[in-house]
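Encoded structure:
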């Protein structure tokens, strides 16, 4: 009698998004496999300060990827904003950070393939992630192909919904479409209660959590 075939899913890589060096140290102490380093998470994350990045280079013992985003709001950038992003990516490459995170859209809601390609080229050997600008695109399947053409390594997405649970169908479709060409990094309301379900129903190999916590001020 033949035994049923079973395929065990490997544990997903866990990325934690943090604000500042204290958040990075807490996340790596908690067992994060990788960290996304930002400033101002209330704005969805913007580029952290040079001092924060240098502290991370000195103190991180897990890989960290630095957000490159000049402001909050949408992902349609002026020429001067884009120039600052390009300069930041080049500077981060010179500093030797492990990876960078960015995303640019056109006015019609498509990926700005020209800018994404140029930024990725500027990053050189660094790991490149497209952030949730992807979730604002109108045609996610074509947006994914655009990122692949731009040689982006992974894309952060909740399946274009508020949470990964709501976005399960698209997340599963994206994982199938991506194959081994790009990594789908799932996010959106993930926690200990739903991570197993999301993993089993999508096949995600990497998952992203936000480390948000109110800390009382020590001031009188």
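Residue numbers (the working numbering): 2 to 221.
The C-beta atom is built at its ideal place from N, Cα and C for all residues, glycine as well.
- When DSSP states are grouped into helix, strand and coil, residue 53 belongs to the helix group.
- Excluding the 5 residues flanking it on each side, residue 128 has same chain C-beta neighbours closer than 8 Å at 64, 66, 99, 100, 101, 154 and 155, in chain order.
- Residue state for residue 164 is assigned as coil, using DSSP reduced to three classes.
- DSSP lists no beta-bridge partner residue for residue 149.
- When only Cα atoms are considered, residue 174 and residue 54 end up about 35 Å apart.
- DSSP places residue 125 outside both helix and strand once states are collapsed to three, so it counts as coil.
- Under the three-state reduction of DSSP output, residue 176 falls in the helix class.
- Looking at the backbone, the Cα of residue 120 and that of residue 210 are separated by about 25 Å.
- In this structure, DSSP gives residue 35 an extended state, which the three-state scheme calls strand.
- A contact is defined here as three or more CB-CB pairs under 8 Å, and the segment 13-25 meets this definition with respect to the segment 33-47.
- DSSP places residue 63 in the coil class of the three-state scheme, outside both helix and strand.
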